[in-house]
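First up is the structure itself, then whatever we jot down about it.
Protein chains: 2
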Amino acid sequence: MLMTQYAKMILELINQSGGHLTAEQLFLELKKKAPKVVQATVYNNLNTLCQEGLIRKMSIEGSPDRYDKIQKHDHLVCYRCGSISDRTFDDLTSALEKQLGKKIISYDLKVCYLCPKCREKDKGGII
Amino acid sequence: MLMTQYAKMILELINQSGGHLTAEQLFLELKKKAPKVVQATVYNNLNTLCQEGLIRKMSIEGSPDRYDKIQKHDHLVCYRCGSISDRTFDDLTSALEKQLGKKIISYDLKVCYLCPKCREKDKGGII
DNA sequence: TTTATAATTAGAATAATTCTAAAAAGGAAG
DNA sequence: CTTCCTTTTTAGAATTATTCTAATTATAAA
Numbered sequence: 006m007l008m009t010q011y012a013k014m015i016l017e018l019i020n021q022s023g024g025h026l027t028a029e030q031l032f033l034e035l036k037k038k039a040p041k042v043v044q045a046t047v048y049n050n051l052n053t054l055c056q057e058g059l060i061r062k063m064s065i066e067g068s069p070d071r072y073d074k075i076q077k078h079d080h081l082v083c084y085r086c087g088s089i090s091d092r093t094f095d096d097l098t099s100a101l102e103k104q105l106g107k108k109i110i111s112y113d114l115k116v117c118y119l120c121p122k123c124r125e126k127d128k129g130g131i132i
Numbered sequence: 006m007l008m009t010q011y012a013k014m015i016l017e018l019i020n021q022s023g024g025h026l027t028a029e030q031l032f033l034e035l036k037k038k039a040p041k042v043v044q045a046t047v048y049n050n051l052n053t054l055c056q057e058g059l060i061r062k063m064s065i066e067g068s069p070d071r072y073d074k075i076q077k078h079d080h081l082v083c084y085r086c087g088s089i090s091d092r093t094f095d096d097l098t099s100a101l102e103k104q105l106g107k108k109i110i111s112y113d114l115k116v117c118y119l120c121p122k123c124r125e126k127d128k129g130g131i132i
């Protein structure tokens, strides 16, 4: 079956959310709608959805793998609070291929910065 | 103590290796020289070295965190065999800052491609 | 319906990492 | 060189993340 009930719900959760969700977060969300679901089902479906190319897996050091929308975009990661947000920078594919001299499949760009919230907190601080 | 015996050895292992080593790999390497060391020591020291800014942590989805040299470089990841290698592409810092309109701390670029070995294997294959 | 296949479950198993408390090491001060 | 204090290391339990296994349930096809 290409799209089972849970696969469909998980895909929707990912696409309707801000993305970057861990399996655990997805499990908790999914349980609200389907209280009987178990973690293994979530992991199974996430793996299948990845293989089918309907979602993508990503990871940030020190935290479990996350699952994200497939549409190409880059990530901003706050070095203070760890929050992740989407931001699409100019496409690098051809520049990278030119430099490498080979075809590339894709690339993954994470930009480390201080998010607006944390920046705000810093203002007026002693340090 | 800024540089304890194990911290020093771990730092050397990382800097003298090709990088991208997992805590487990480092533990096994370190045991060759210091058979009595335990995993917790490796994790402790890795965390300390990261905080001190002497090494950096990185991660590839689906595998444990890895530890790498601090010198700025990008990564090539083979989508077939998962091998990781270093490759420095043109620096993106100012281009990214210009687009974002904010200072950035750093960025992390992973390029997904087919490594030479895997490419070789593919030649002559039926598919 | 039977039957075959695939999805889901429960729970054990495995990995990755952190935590806790005790033991060992290092260094500073007397 | 001892005593004392601090930091590092150890052992092992605890936690978290993920996969695996086998039984059960659902789905769809014949």
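In order, the protein sequences belong to chains R and U.
Sequence positions in the first sequence follow the working numbering and run 6 to 132.
Sequence positions in the second sequence follow the working numbering and run 6 to 132.
Every residue gets a Cβ at the ideal spot worked out from N, C-alpha and C, and that includes glycine.
For clarity, every value in this text was computed on a predicted model and none was experimentally measured.
| Item | Value |
| --- | --- |
| Using C-beta distances below 8 Å, list every residue in its chain close to L35 of chain R, excluding the 5 sequence neighbours before and after it, in chain order. | Y11, M14, I15, L18, V42 and V47 |
| In terms of alpha-carbon separation, which member of R:I110, R:V82 and R:A100 lies closest to K119 of chain R? | In the sequence as presented, Lys is not what sits at residue 119 of chain R; that position holds Leu. The shortest C-alpha separation from L119 of chain R is found at R:V82. |
| Along the alpha helix (DSSP H) that carries I75 of chain U, what are the first and last residues, could you check? | Here I75 of chain U belongs to no alpha helix (DSSP H), and DSSP marks it neither H nor E. |
| Where do the N-terminal and C-terminal ends of the alpha helix (DSSP H) with R19 of chain U fall, by residue? | Here residue 19 of chain U is Ile; the residue named in the question, Arg, does not match the sequence. Q10 to Q21 is the extent of the alpha helix (DSSP H) around I19 of chain U. |
| CB-CB under 8 Å to L31 of chain R, same chain, minus the five flanking residues each way: which ones, in chain order? | I15, L18, I19, V47, L51 and Y72 |
| Based on the DSSP secondary-structure assignment, which residues constitute the bridge partners of V82 of chain R? | R:I89 and R:C117 |
| Buried or exposed for M8 of chain U, please, with buried defined as at least 16 other CB atoms from any protein chain shown within 10 angstroms of its CB. | exposed |
| From the DSSP output, which residues share a beta bridge with S111 of chain U? | R:C117 |
| List, in order along the chain, the chain U residues whose C-beta lies closer than 9 Å to that of V42 of chain R? | What V42 of chain R touches in chain U: nothing, since even the nearest Cβ is about 22 Å away. |
| Quick one: using the 10 Å Cβ neighbour count with 16 as the cut-off for buried, is M63 of chain R buried or exposed? | buried |
| For K122 of chain R, which of helix, strand or coil comes out of DSSP? | helix |
| For C117 of chain U and chain R, any beta-carbon pair shorter than 8 Å? | yes |
| Taking G23 of chain U as the reference, give the member of U:E29, U:P69 and U:I89 with the closest Cα. | U:I89 |
| Residues in the same chain with beta-carbon distance under 6 Å from F94 of chain U, minus the five sequence neighbours each way, listed in chain order, please. | D79 |
| Shorter than 8 Å from the beta carbon of E66 of chain U to some beta carbon of chain R? | yes |
| I'd like to know whether the C-beta of K126 of chain U is nearer than 8 Å to at least one C-beta of chain R. | no |
| Among the residues of its own chain, which have a CB less than 6 Å from the CB of E125 of chain R, if the five just before and after it don't count? | none |
| What residues match up with L26 of chain R in a beta bridge as DSSP calls it? | R:Y72 |
| From the DSSP output, read off the bridge partner residues of M6 of chain U. | Per DSSP, none; premise fails for M6 of chain U. |
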